[in-house]
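Here this note's numbering is used: the first residue of the sequence shown is 19, the next is one more, and so on.
Beta carbons: idealized from backbone N, C-alpha and C, even for Gly.
Following: one structure in structure tokens, then a few remarks.
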Amino acid sequence: MKKIFLLLFISTSAFSQSTESLKTATKKLYQANYLMDFDGVISLSYPKMVETIGSEKMPEQVEKYYENDEYRLRFQLETVPFQFGEIKKIEGKSFCVITCRNPMRYFFEAKLTSETSTQKAEWLKEINKTKEVTFEPNRNSFNVKKTTIFVAVADETTSNQWKFFNLDDANQAAAFQSIFGENIKKELGL
């Protein structure tokens, strides 16, 4: 009886440690994105994704996601409530899908006309998979309210530490698909 209790206690303790470390790592990832700490974002990214994209190319891609010749992207809230999915063990790896309501602002470099602002609004709705896009002409910017999706992975390549994919970023979403394939995506409900 004592052995069963001890085994149950150890497995419950390990699971809660894993959940707590997941929550802590997710907060760090969000904070790195909020502060545009690109090195922090990369250090919390899944290593095979960084390798797939290229360790020299990844910092440039992360920076272009936030700042490029067309716009500057900023997260609006310093902290957001996260919704953690079930931690799933698939093919010897732990996965968790994390979502959050994430208001963002896109500041456009070139002054937008009513015609170009309509085109940009449609483009932002499409790439952000949302209908909540509001143009603010005085700021030459758009307020975008969307749901951000992160996928956390802990496996042998991460020393069982949680590392992430940001599925909002097309490059990271493509890397997730190429590394794990359709079967994992389906099992995670993505």
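*How is P99 classed by DSSP in three states: helix, strand or coil?*
As a first step, residue 99 must be located in the sequence shown, where it is residue number 81. Of the three classes helix, strand and coil, the one that applies to P99 here is coil, per DSSP.
*Where Y124 and F102 are concerned, what is the direct C-alpha to C-alpha distance, given to the nearest angstrom?*
Here residue 124 corresponds to residue number 106 of the sequence shown, with the count starting at 1. Here residue 102 corresponds to residue number 84 of the sequence shown, with the count starting at 1. Taking the straight line from one Cα to the other gives about 27 angstroms.
*asked:* Taking the alpha helix (DSSP H) that E174 belongs to, which residues open and close that run?
replied: Taking the first residue of the sequence shown as position 1, residue 174 is located at position 156. Premise fails: E174 is in no alpha helix (DSSP H) and is neither H nor E.
*Mind listing, in chain order, the continuous beta strand (DSSP E) runs of no fewer than 3 residues lying wholly within the segment 40-112?*
89-93, 100-102 and 106-108
*Report buried or exposed for N86, applying the criterion of at least 16 other Cβ atoms within 10 angstroms of its Cβ.*
Mapped onto the sequence shown, residue 86 falls at position 68. Under this definition N86 is an exposed residue.
*asked:* With a threshold of 7 angstroms on Cβ separation, who are the neighbours of K20 within its own chain once the five nearest residues in sequence on each side are excluded?
replied: For this step, residue 20 is matched to residue 2 along the sequence shown. Residue placement at K20 is poorly supported in this model, since its pLDDT is 49, which falls under 50; the coordinates are not used for a value here.
*asked:* For Y83, which residues in the same chain have their Cβ closer than 6 angstroms to its Cβ, ignoring the five residues on either side in sequence?
replied: Numbered from its first residue, the sequence shown carries residue 83 at position 65. For Y83, where only same-chain residues beyond five positions count, the Cβ hits under 6 angstroms are D187.
_Beta carbon of F56 nearer than 7 angstroms to that of E88_ = Translated into the one-based positions of the sequence shown, residue 56 becomes position 38. Translated into the one-based positions of the sequence shown, residue 88 becomes position 70. Not a contact, by the Cβ cut-off of 7 angstroms.
*Take the Cβ of Y51 as the centre, count every other Cβ of all protein chains shown within 10 Å, and call the residue buried at 16 or more, exposed below.*
Counting from one through the sequence shown, the residue named residue 51 turns up at place 33. Looking at the sequence shown, residue 51 is not Tyr but Asn. It is buried - the Cβ of N51 has at least 16 other Cβ atoms within 10 Å.
*Using only the heavy atoms of the ligand FAD, determine whether one of them is closer than 6 angstroms to the beta carbon of E69.*
Only the bare structure without any ligand can be found here, which leaves the ligand FAD out of the picture.
*Note the first and the last residue of the continuous beta strand (DSSP E) segment covering K181.*
For the purposes of this step, residue 181 is identified with residue 163 of the sequence shown, where counting begins at 1. Counting along the chain, the beta strand (DSSP E) containing K181 begins and ends at K181 to N184.
*Whole angstroms is fine: what's the gap from S159's alpha carbon to M67's?*
Locating residue 159 in the sequence shown gives position 141, where the first residue counts as 1. Locating residue 67 in the sequence shown gives position 49, where the first residue counts as 1. Going from the Cα of S159 to the Cα of M67 covers about 31 angstroms.
_Tell me the rounded alpha-carbon separation between N146 and N178._
Taking the sequence shown and counting its residues from 1, the one referred to as residue 146 is at position 128. Taking the sequence shown and counting its residues from 1, the one referred to as residue 178 is at position 160. Their backbone Cα atoms lie some 31 angstroms apart in a straight line.
*Helix, strand or coil: which one does DSSP assign to E127?*
Counted from its first residue, the sequence shown places residue 127 at position 109. If DSSP states are grouped into helix, strand and coil, E127 belongs with coil.
*Can you have a look at N156 and say buried or exposed, based on whether 16 or more other CB atoms are within 10 angstroms of its CB?*
Position 138 of the sequence shown, counting from 1, holds the residue named residue 156. Exposed.
*Please work out which residues of its chain come closer than 7 angstroms, Cβ to Cβ, to Q190, disregarding the five sequence neighbours upstream and downstream, and give them in chain order.*
For this step, residue 190 is matched to residue 172 along the sequence shown. Excluding residues within five positions, the ones whose Cβ falls inside 7 angstroms are M67, F183 and N184.
_T117, DSSP secondary structure in three states_ = Position 99 of the sequence shown, counted from the first residue, corresponds to residue 117. Reduced to three states, the DSSP call for T117 is strand.
*In the DSSP assignment, find the beta strand (DSSP E) that holds T152 and state where it starts and stops.*
Numbered from 1 along the sequence shown, position 134 holds the residue referred to as residue 152. It spans E150 to E154 - the beta strand (DSSP E) in which T152 sits, taken as one unbroken run.
*On the DSSP bridge assignment, give the partners of I167 in chain order.*
Locating residue 167 in the sequence shown gives position 149, counting from the first residue. According to DSSP, which records beta bridges pairwise, I167 is partnered with T117.
*Near E74, which residues of its chain fall below 6 angstroms by C-beta distance, leaving aside the five closest residues on each side in sequence?*
Counted from its first residue, the sequence shown places residue 74 at position 56. Cβ neighbours of E74 beyond the five flanking positions: none.
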